[in-house]
Amino acid sequence: MKMGDRIQSLRKTKGLSQEQLAEKIGVSRQAVSKWESEQSIPELDKVIMLSDFFDVTTDYLLKGVASEHPRASKKIDAHIFMMAATTLNFMGLIIAAAVWYEEQTAMALVIGLIFIALGIMVFGIGFYSSCEQSKAPAKRSFWRINIWIIPFIPLSFVYNILISGLIAPYPLLMNSPFYLILFWGVYFILGLTVVYLLHKRRNKRYHPRAPAKQSN
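Numbering-wise, this note's numbering comes out as the position in the sequence shown, counting from 1, plus 3.
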């Protein structure tokens, strides 16, 4: 793998377009394009900036020597925080449902929301202190899963208050199933919309639109 290939691989792993990387490093998009296509190589100060930005060594960028950046060795993969946060969020749903089933008190909803808040905090704090290369894929994975977990209790709360006046962490079946079907419709539309937007955003980053050619 050549130096240009390594820069391109690191950029795509982080989910950045050539233009976005150029802004981070302080160069033009054309400069990044030339680096990746081996038409030119970055100057020494830019190699150091790339090394710090991607948390790799200058030896890796220049020679392909797979030694770890000193700073990166101290950081944890963001996927660990993603899995811990998702576990907390899912536990919040299960415990809230169990408490409501046994006690049928508003405390069930409070407990569920506390677990979800803790899950979001764990991911948010861990995300910013984790390994740089793992952030973008971990963030996508977090929202693809948790968009189905985080809104469930708040949506159920609104649904139950409007339909029955009860405060429950999951939608209750009333006399007519129409409103329950409406709830699930809104829930799935919301989740699928977010998943679609994440997919669209990812494709846009990996396949940036080429600039239009100017006619002479």
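Backbone N, C-alpha and C fix where the C-beta goes; we use that ideal spot for every residue, glycine too. Just so you know, these numbers come straight off a predicted model, no measurement behind them.
So residue i is in the alpha helix (DSSP H); what residue range does that whole segment cover?
i, result
"Y63", "T61 to K66"
"V113", "M110 to Y131"
"E46", "Note, E46: premise wrong, no alpha helix (DSSP H); not H, not E."
"A87", "A81 to E106"
"V30", "Looking at the DSSP string, V30 is not in any alpha helix (DSSP H), and its letter there is neither H nor E."
"Q11", "M6 to T16"
"Q136", "E135 to N149"
"Y173", "Y173 -> no alpha helix (DSSP H), and no H or E assigned at all."
"P154", "P154 -> no alpha helix (DSSP H), and no H or E assigned at all."
At the level of alpha carbons, what is the spacing between residue i and residue j?
i, j, result
"D48", "F56", "12 Å"
"D62", "I51", "10 Å"
"N219", "V198", "For N219, the predicted structure reports a pLDDT of 41, less than 50, and the residue's modelled location is therefore unreliable. The matter cannot be settled from this model."
"Y162", "Q42", "59 Å"
"Y104", "F160", "15 Å"
"L169", "L185", "18 Å"
"F191", "Y182", "14 Å"
"G29", "R143", "26 Å"
"G18", "D58", "15 Å"
Could you check which residue in the options has the C-alpha nearest to that of residue i?
i, options, result
"M177", "S167, L185, A171 and A88", "S167"
"R147", "S12, I79, L121 and M86", "M86"
"A171", "I128, L201 and E106", "E106"
"F130", "A81, V30 and L65", "A81"
"L53", "K27, R32, S31 and K66", "K27"
Ordered along the chain, which non-local residues of its own chain (more than five positions away) have a Cβ less than 6 Å from that of residue i?
i, result
"V35", "Q21, L24 and A25"
"F118", "L91, M94 and G95"
CB-CB under 7 Å to residue i, same chain, minus the five flanking residues each way: which ones, in chain order?
i, result
"A126", "The sequence as given places Phe at residue 126; Ala does not occur at that position. So the list reads F84, M85, A88 and F145, once near-sequence residues are dropped."
"W38", "G7, I10, I44 and P45"
Less than 8 Å between C-beta atoms, sequence neighbours within five positions excluded: which residues of the same chain meet that for residue i?
i, result
"S12", "M4"
Would a check of beta-carbon distances place residue i closer than 8 Å to chain C?
i, result
"F118", "Going by chain labels, chain C is absent from the structure shown, which holds only one protein chain."
- [ ] Would you be able to state if there are at least three C-beta pairs under 8 Å between the segment 95–110 and the segment 129–138?
- [x] no
Open item on the list: Check whether the segment 150–164 and the segment 104–121 touch, using three or more Cβ-Cβ pairs below 8 Å as the test.
Closed with: yes
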